[in-house]
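Colleague: Have a look at the structure that comes next, please.
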Amino acid sequence: MSASPGLNATHDPQLRSWVASANAGGDFPLQNLPFAAFRRAGTGEAFRGGVAIGDQVLDLGALHAAAPFTGAAAQALGACCAPALNALMGLGTGPASALRAALSAALRTDAAQQGLLQRLLVPQGECEYRVAADVGDFTDFYASIHHATTVGRQFRPDSPLLPNYKWVPIAYHGRASSVRVSGFDFHRPWGQLSPKGATQPFLAPSRRLDYELEVGIFVGRGNALGTRVPLQEAEEHIFGLCLLNDWSARDIQGWEYQPLGPFLAKNFATTVSPWVVTLEALAPFRAPFTRPAGEPAVLDYLDGEGVRRGGAFDITLEVYLQTPRMRAAGVAAQRLSQSNLRDAWWTPAQMLTHHTVNGCNLAPGDLLGTGTQSGPQPEQGGSLLELSAGGAQPIALPGGEQRTFLEDGDRVTLRGFCAREGCVRIGFGEAAGTVLPAVPLAGGRLRGRGQ
Ligand code: CA
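See the structure below:
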């Protein structure tokens, strides 16, 4: 491994854990140690912080009661007793890093604390999760130039990218209330549709339901209203990354998005993975931030030596689809695409700095989405809108099925991982969700479950 900034003893590829499953090549080796809010499934237990190790969750709430650590690590561990991790995130990167170092030492082979920690492991198969933080605000960026170009071309063949795209990190304010953790199944949304040939719009269930393959960015330490976060400090304000599916109803979107942007096409559900991988865990997987020759220079406030040297992240991102028929036949989910966050037009730090350049305040647990991450090749589209060319080219699935957009019962799973020679592979787990049939209209109003 080359000497990259930010590497320390917790990244040593030789480290092994006394939790045997952590050494088996999965998403959660000792070098990862991502955080989630969890409890034993089917119990009324309070949610609390947990860290993934192999196929287990280490119960950080219970660990805190045993007071095994001191100093900043103990402070961070105390913050993990809450049902959401906002307090941990708000402590900033120092205490979280101290906790990571203490956990790494306690979970490695021959650790003196093995006896204590062993009693505090819960198999992941017996756990349920909530969104890692109470998300106060959700902002979704648009940071893949490949996605923006392909989608833009469908609407404006001659000028797919608007003139601002290469200069300003484009985003819109999303809806925090409908962010849900992996496993949340939602009903196909209704909305106003106005398809080609219709004489006037009408209300109907979306016929062009889609996913978006994104990375979520959990804000760590916040900034006060009226202050800005300079680029060189931006990563001190980022707790970690997760997987994010920004479900999108393309037909609702197409009719409503002008002039103010996405609204009901996007706010009915957003799925995140339960596990948040810290930026520290991602240190071995940094990549230079570069722009192709001839592209406009980055404005000074979004430029710097640090971002150029290693501002990007080498994270492989994947989408899997399983239809009801595949599920019934025991056919595994099919991978639809693979892309990499390294190809994004902006880095997470640039997004955060730009978000605050006008003095906008971010709070611990706020969620930023990177926007759909598509690669440069057509088969690397991070949405069905791209992979099916706007519905014109159906995608072939096992058993002779086809898809242009999602059908009822379809299950979409996002995965992500980092793999590099000389490093131990780390993963993000998954963000999965299933599309349920639209709820019928009754008596002129929407009837939901429980009403
Ligand atoms: Ca999006």
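Sequential numbering from 52 applies to the sequence shown in our numbering.
All C-beta atoms, glycine included, are put in the ideal place defined by N, C-alpha and C.
Here the structure is a predicted model, which means the values were calculated and not measured.
1) Where does N412 fall in DSSP's three states?
2) Looking at the unbroken alpha helix (DSSP H) that takes in Q169, where does it start and where does it end?
3) Is A73 buried or exposed, if buried means 16 or more other CB atoms sit within 10 Å of its CB?
4) I'd like the span of the alpha helix (DSSP H) that includes G122, first residue to last.
5) Taking the C-alpha atoms as reference points, what is the distance between H405 and V349?
6) Considering only their Cβ atoms, is the gap separating I446 from L387 smaller than 8 Å?
7) Mapping the DSSP letters down to three states, classify W306 as helix, strand or coil.
8) Within its chain, find whatever has a CB closer than 8 Å to the CB of A384; leave out the 5 residues flanking it on each side and keep chain order.
9) Got a sec: does ligand 1 put a non-hydrogen atom nearer than 7 Å to the Cβ of E307?
10) Please name the residue or residues paired with G420 in a DSSP beta bridge.
11) Considering only residues of the same chain and omitting the five flanking positions on each side of A194, which have a CB-CB separation below 7 Å?
12) Apart from the five residues on each side of it in sequence, which residues of its chain come closer than 6 Å, Cβ to Cβ, to F98?
13) Going by DSSP, what residues sit across from P256 in a beta bridge?
14) Counting Cβ pairs closer than 8 Å, one from the stretch 304-324 and one from the stretch 238-245, do we hit at least three?
15) Count the other CB atoms within 10 Å of the CB of R454; is the residue buried (16 or more) or exposed (fewer)?
16) Give me the residue from P488, L81, P80, G478 with the minimum Cα distance to V327.
17) Do S233 and T322 have their beta-carbon atoms positioned less than 8 Å apart in this structure?
18) Rounded to a whole number of angstroms, what is the C-alpha to C-alpha distance between P339 and V266?
19) Taking the C-alpha atoms as reference points, what is the distance between G362 and G355?
20) With DSSP collapsed to three states, give me the class of G499.
Modeller: With the given structure in hand:
1) Within the sequence shown, numbered from 1, the residue matching residue 412 stands at position 361. Correct three-state label for N412: coil.
2) One-based indexing of the sequence shown puts residue 169 at position 118. 165-169 is the span of the alpha helix (DSSP H), which, as asked, contains Q169.
3) Sequence index remark: in the sequence shown, residue 73 carries index 22 (1-based). It counts as buried.
4) In the sequence shown, residue 122 corresponds to position 71, counting from 1. Taken as a continuous stretch (DSSP letters only), the alpha helix (DSSP H) holding G122 covers 122-130.
5) Here the question's residue 405 lines up with position 354 in the sequence shown. Here the question's residue 349 lines up with position 298 in the sequence shown. Approximately 12 Å between the Cα atoms of the pair.
6) If you number the sequence shown from 1, residue 387 lands on position 336. If you number the sequence shown from 1, residue 446 lands on position 395. Yes, Cβ-Cβ distance for L387 and I446 is below 8 Å.
7) The count along the sequence shown starts at 1 and reaches residue 306 at position 255. In this structure, W306 counts as helix in the three-state DSSP scheme.
8) Mapped onto the sequence shown, residue 384 falls at position 333. Y371, L372, Q373, M377, R462, T464.
9) Sequence index remark: in the sequence shown, residue 307 carries index 256 (1-based). E307: no, Cβ never under 7 Å from ligand 1.
10) Counting from one through the sequence shown, the residue named residue 420 turns up at place 369. For G420, which the question treats as bridged, DSSP gives the partners D191, G267.
11) On the sequence shown, position 143 is the one that residue 194 refers to. Excluding sequence neighbours, A194 sits near P220, A395, W396, W397, M402, T421, G422.
12) For this step, residue 98 is matched to residue 47 along the sequence shown. Taken in chain order, the residues that qualify are A88, R90, P134, R181.
13) Along the sequence shown, one-based indexing puts residue 256 at 205. In DSSP, P256 forms a bridge with W241.
14) yes
15) On the sequence shown, residue 454 is found 403 positions in, with the first residue counted as 1. When all chains shown are included, R454 counts as buried.
16) If you number the sequence shown from 1, residue 327 lands on position 276. Here the closest residue by C-alpha is G478.
17) Counted from its first residue, the sequence shown places residue 322 at position 271. Counted from its first residue, the sequence shown places residue 233 at position 182. In contact: T322 and S233 (Cβ atoms closer than 8 Å).
18) Sequence index remark: in the sequence shown, residue 339 carries index 288 (1-based). Sequence index remark: in the sequence shown, residue 266 carries index 215 (1-based). One C-alpha to the other measures close to 18 Å.
19) For the purposes of this step, residue 362 is taken as residue 311 along the sequence shown, with counting starting at 1. For the purposes of this step, residue 355 is taken as residue 304 along the sequence shown, with counting starting at 1. Roughly 9 Å separates the two Cα atoms.
20) In the sequence shown, the residue the question calls residue 499 occupies position 448. With a pLDDT of 45 at G499, under the threshold of 50, the modelled position of that residue is not reliable, and the figure given next carries that caveat. Of the three classes helix, strand and coil, the one that applies to G499 here is coil, per DSSP.
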